[in-house]
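Novice: Residue numbers (the numbering used here): 5 to 218.
All residues carry an ideal CB built from backbone N, CA and C; glycine is no exception.
Here the structure is a predicted model, which is why all the values come from computation and not from measurement.
There's a structure below that I have some questions on.
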Amino acid sequence: MQVYAMEITDDVKFELPVSFLMGKLSDISPLGRIPVLVTEDDSILPESEVIAEYLDDLYPAKALVGNTPEERAAVRLISRIADIYLMNNIFLSLGQLNRKTRVDAIRDLLMGQVKRGMGALELHIGTGNFAVGDNLTRADCTLVPALFMCEKTVPRLDVENPILGTDKVAAYWEKIQKNEHAAKILDEMNRGLQARLDGTERKMAEEAIAKAKN
Ligand SMILES: N[C@@H](CCC(=O)N[C@@H](CS)C(=O)NCC(=O)O)C(=O)O
């Protein structure tokens with residue numbers, strides 16, 4: 005979303021590394037998680053929030069960081085809540101989606117952290133059209149995918165979508181989905197989720213792995 009909003013799509017090339025599909029991404033990036041940015045000098049930069057901050061530093065005239073020290077702190081805080089409390093715990097809970105193999109205590113531990121993060125978000129989020137201030141910032145770019153996961157993935161763990169228990173976050177979520185950049189990545193995420201659920205993703209991965217082995 006940040007790449008679209010900063011209009012730097014010509015400078016950033018997206019590809020899904022076959023090493024990730026083969027479970028071998030850690031050969032290149034020890035964290036073994038995507039995204040990973042390969043910079044111009046061939047360095048490896050993992051962690052979406054670090055990549056996002058790097059892009060802001062690389063293109064200061066287009067940076068989505070907020071205008072005052074207070075706004076900048078609020079952007080970092082909201083982005084951090086979305087990344088650490090919402091996204092990371094939801095990602096870690098993906099192994100608990102299958103009811104037959106689910107360990108309720110693991111699911112409950114992770115969802116408790118999501119609930120904690122959502123409570124903090126409800127306090128700190130702005131009441132305008134954007135998460136912080138009157139303009140789109142990196143906070144929106146981190147929050148939109150995190151709220152998508154809250155809405156679409158958390159219920160698959162037999163836990164209520166945590167946005168439903170909020171007022172400010174729920175109002176924000178309704179508004180931000182109409183933003184052109186948010187709508188674009190939500191469409192991509194919806195298509196990705198559909199591909200995962202209907203088996204297309206698995207087929208694509210198997211084909212890519214078979215091609216890499218030949
Ligand atoms: N904190 C990381 C989380 C990234 C993450 O978990 N990505 C998932 C993609 S769906 C992943 O790589 N999962 C593989 C794994 O956890 O082994 C970030 O924001 O970059």
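1) Roughly how many angstroms separate the alpha carbons of N183 and Y8, rounded to a whole number?
2) What separation, rounded to the nearest whole angstrom, lies between the Cα atoms of V40 and Q181?
3) Please work out which residues of its chain come closer than 7 Å, Cβ to Cβ, to R160, disregarding the five sequence neighbours upstream and downstream, and give them in chain order.
4) So, using beta-carbon positions, are M26 and I213 closer together than 9 Å?
5) Quick check on DSSP: helix, strand or coil for L140?
6) How about T141 and E75: do their beta carbons lie closer than 9 Å?
7) Using alpha carbons as the reference points, say which of V163, L29, A56 lies closest to I110.
8) Which residue wins for smallest C-alpha separation from M122, given the options D138, K172, T131, K66?
9) Return yes when the Cβ of V136 is within less than 9 Å of the Cβ of A78, no when it is not.
10) Quick one: grab the DSSP three-state call for L3.
11) Using only alpha-carbon positions, find the residue among A67, S23, Y89 that is nearest to A209.
12) How many Å lie between G203 and N71 at the Cα?
13) Could you pull the start and end residues of the alpha helix (DSSP H) that I213 belongs to?
14) Which runs of the alpha helix (DSSP H), 4 residues or longer, sit entirely within the region 39 to 124?
15) Identify the continuous alpha helix (DSSP H) that holds G196 and give its terminal residues.
16) Short of 7 Å in beta carbon distance, which residues of its chain neighbour L68, apart from the five on each side in sequence? Order them along the chain.
17) Determine the DSSP secondary structure at S30, reduced to helix, strand or coil.
Specialist: Inspection of the coordinates gives the following:
1) Numbered from its first residue, the sequence shown carries residue 183 at position 179. Numbered from its first residue, the sequence shown carries residue 8 at position 4. Distance between the alpha carbons of N183 and Y8 is about 12 Å.
2) For the purposes of this step, residue 40 is taken as the residue at position 36 of the sequence shown. For the purposes of this step, residue 181 is taken as the residue at position 177 of the sequence shown. Approximately 26 Å between the Cα atoms of the pair.
3) The sequence position of residue 160 within the sequence shown is 156, counting from 1. Contacts found: L101.
4) As a working mapping, residue 26 is identified with position 22 in the sequence shown. As a working mapping, residue 213 is identified with position 209 in the sequence shown. Taking C-beta atoms as the reference points, M26 and I213 count as a pair closer than 9 Å.
5) Start at 1 with the first residue of the sequence shown, and residue 140 comes out as number 136. Annotated three-state conformation of L140 is coil, per DSSP.
6) Residue numbering aside, residue 141 sits at position 137 when the sequence shown is read from its first letter. Residue numbering aside, residue 75 sits at position 71 when the sequence shown is read from its first letter. Contact: yes.
7) On the sequence shown, residue 110 is found 106 positions in, with the first residue counted as 1. Nearest option by C-alpha distance: V163.
8) Looking up residue 122 in the sequence shown gives position 118. Minimum Cα distance to M122 is reached at K172.
9) One-based indexing of the sequence shown puts residue 78 at position 74. One-based indexing of the sequence shown puts residue 136 at position 132. A contact, by the Cβ cut-off of 9 Å.
10) The first residue shown for the chain is 5 and the last is 218, placing residue 3 beyond what the model contains.
11) As a first step, residue 209 must be located in the sequence shown, where it is residue number 205. If we check each option's Cα against that of A209, S23 comes out closest.
12) Along the sequence shown, one-based indexing puts residue 203 at 199. Along the sequence shown, one-based indexing puts residue 71 at 67. The straight-line gap from Cα to Cα measures roughly 44 Å.
13) In the sequence shown, counting from the first residue as 1, residue 213 sits at position 209. Where I213 is concerned, the enclosing alpha helix (DSSP H) stretches over 204 to 217.
14) Taking 4 residues as the shortest admissible run, the region 39 to 124 contains the following complete alpha helix (DSSP H) segments, listed from N- to C-terminal end: 52 to 62, 73 to 84, 92 to 97.
15) The sequence position of residue 196 within the sequence shown is 192, counting from 1. G196 -> alpha helix (DSSP H) spans 184 to 201.
16) Numbered from its first residue, the sequence shown carries residue 68 at position 64. Excluding residues within five positions, the ones whose Cβ falls inside 7 Å are Q6, A9, M10, D60, L140, T141, R142, C145.
17) Residue mapping note: residue 30 aligns to position 26 of the sequence shown, counting from 1. S30 falls in the helix class under three-state DSSP.
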